[in-house]
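Notes follow the structure.
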Amino acid sequence: MTKRCFQVQAEDNVATLLEDAEAESVALLGLSAKATVVLLEPVVLGHKVCTRAIAAGELVIKYGVPIGVATRSIPVGAWIHLHNCASRVDERSNRLEIPHDAGRDIGHD
318 MTKRCFQVQA EDNVATLLED AEAESVALLG LSAKATVVLL EPVVLGHKVC TRAIAAGELV
378 IKYGVPIGVA TRSIPVGAWI HLHNCASRVD ERSNRLEIPH DAGRDIGHD
């Protein structure tokens with residue numbers, strides 16, 4: 318079965334994976350005219366994938382609103398996460414440790 322991702326608004330430059338996927342072609346559901354996106358790397362359920370090339374400094378758009386800024390150029394099919402996107406809302410989230418998304422500024426007692 319073909320894996321799927323969902324793009325909420327036509328102006329979004331990301332889509333959300335609806336299931337775990339490897340570096341493979343996934344169906345793009347939603348408002349976009351583009352039918353598929355070829356993932357450049359594995360992406361897990363609920364994470365974002367780039368649907369249009371995003372230049373460094375350009376806004377990352379989801380739900381029709383900016384959710385972050387690209388910290389480097391992001392090609393179509395790339396996983397979008399802390400390694401290439403900085404939050405415009407929560408500065409603390411820009412410092413999370415990618416392997417387990419745990420902040421270094423709080424205790425885990």
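For the sequence shown, the working numbering begins at 318 and goes up steadily by one. C-beta: ideal position from N, C-alpha, C; glycine also.
Roughly how many angstroms separate the alpha carbons of residue i and residue j, rounded to a whole number?
i      : j      : result
THR509 : ALA332 : This structure cannot settle anything about residue 509, because the visible part of the chain is limited to 318 through 426.
ALA395 : VAL366 : 6 Å
ASP337 : LYS320 : 8 Å
GLN326 : LYS379 : 7 Å
SER404 : GLU375 : 12 Å
SER342 : ASN401 : 21 Å
VAL386 : VAL360 : 20 Å
LEU399 : MET318 : 29 Å
ILE391 : ALA352 : 20 Å
Is it buried or exposed, residue i, if we count other Cβ atoms within 10 angstroms and call 16 or more buried?
i      : result
GLY281 : Coverage of the chain is limited to positions 318 through 426, which leaves residue 281 absent and any answer about it impossible.
Indicate whether residue i and residue j have their beta-carbon atoms separated by less than 8 Å.
i      : j      : result
PHE323 : LEU356 : no
VAL354 : ALA370 : no
ILE397 : VAL377 : yes
Taking DSSP as the reference, what is the three-state secondary structure of residue i?
i      : result
GLY385 : strand
Under the DSSP definition of a beta bridge, which residues are partnered with residue i?
i      : result
LEU346 : PHE323
ALA403 : VAL386
VAL361 : Beta-bridge pairing links VAL361 to no other residue.
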